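Numbered according to this note's numbering, the sequence shown terminates at residue 167, and the numbering increases by one at each position without gaps. Beta carbons are placed, not taken as given, at the ideal position from N, Cα and C, and that holds for glycine. Quick caveat, the model's predicted, so the values are computed rather than measured.
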Amino acid sequence: MSELDPETKRALDAFCEGYQHDVPLVAVHTAQHMDSVTKLLDSYPALRGSSYEAMLWLRLGLIDRAHEIVQSANSGVRAYIHGIVHRLEGDFWNSKYWFRRVHDNRLLENLSDRVERAIGLPGFDPAIHTDRVQQFLQSRSPASHQELSRIALAEWNAIWAELQES
C-alpha cells in the first residue's frame with residue numbers, strides 16, 4: 002500500500018493521536034484497545050494485510066497478526082517491522098537478523114535521523130536499541146524503562162512517517 006486515500010489517512014491519524022500510551026517493550030497477549038484497531042480495520046478494509054495494520058498491532062504490543070503480515074518480507078520496511086516483532090517477543094538475535102535484512106540504506110538513514118531528532122541523541126541503531134532492551138529486561142531499571150519507551154515511540158513514529166511518505 003503506497004498511498005492512502007484522504008479519508009483513511011484521517012482515520013489513521015485520529016487513531017494515533019487518540020492513543021497516548023507507551024509503546025510496549027515486550028509483547029502482550031491482550032490489549033485494552035484491541036477493539037479500536039479491529040473497528041478501524043473493519044471500517045477501512047484496504048488496510049488489512051498492510052504494513053499499516055502490522056504497525057497498529059505493534060503499537061499495542063500485539064505481535065501475532067503483525068508477524069503474519071511481515072513474515073514473508075525479504076527486505077525494506079517490512080523486514081524492519083519483522084525485527085521489531087522479534088524484539089518484542091524477546092528473540093533478540095532474530096530481531097537483529099531482520100534489521101540486517103532491511104538492505105535499504107536510505108530507509109535506515111531516514112529512520113535513524115527521525116529517531117535522533119525526536120529523542121535529541123545521535124547514533125540511533127536498531128540493533129543497539131535491541132541490546133539495550135535485552136539488558137533492561139534483565140535489570141528492570143525504571144530509568145532505563147522510561148528512556149527505552151521514549152526511543153521505542155520515536156522509532157514507531159519514524160516508521161509510521163516513512164510509510165506515509167513512501
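Between the alpha carbons of residue i and residue j, how many angstroms are there, rounded?
i, j, result
"residue 162", "residue 53", "11 Å"
"residue 87", "residue 65", "10 Å"
"residue 37", "residue 59", "14 Å"
"residue 90", "residue 27", "6 Å"
"residue 39", "residue 82", "20 Å"
"residue 119", "residue 5", "25 Å"
"residue 121", "residue 164", "22 Å"
"residue 70", "residue 15", "23 Å"
"residue 125", "residue 111", "11 Å"
"residue 154", "residue 108", "18 Å"
"residue 98", "residue 76", "11 Å"
"residue 12", "residue 32", "20 Å"
"residue 46", "residue 9", "10 Å"
"residue 85", "residue 96", "6 Å"
"residue 43", "residue 55", "15 Å"
"residue 157", "residue 130", "13 Å"
Let me know if residue i comes out buried or exposed under the rule of 16 or more other beta-carbons within 10 Å of its beta-carbon.
i, result
"residue 19", "exposed"
"residue 35", "exposed"
"residue 104", "exposed"
"residue 152", "buried"
"residue 166", "exposed"
"residue 73", "exposed"
Under a three-way DSSP split, which group does residue i fall into?
i, result
"residue 165", "helix"
"residue 87", "helix"
"residue 13", "helix"
"residue 156", "helix"
"residue 116", "helix"
"residue 73", "coil"
"residue 49", "coil"
"residue 67", "helix"
"residue 36", "helix"
"residue 19", "helix"
If we call anything under 7 Å between Cβ atoms a contact, is residue i one with residue j?
i, j, result
"residue 127", "residue 100", "yes"
"residue 50", "residue 29", "no"
"residue 102", "residue 67", "no"
"residue 144", "residue 116", "no"
"residue 23", "residue 150", "yes"
Below 6 Å, is the gap between the Cβ of residue i and the nearest heavy atom of the ligand FAD?
i, result
"residue 90", "Among the ligands in the structure shown, none appear at all, so the ligand FAD cannot be discussed."
For the alpha helix (DSSP H) that contains residue i, what are its first and last residues?
i, result
"residue 129", "127-140"
"residue 98", "93-101"
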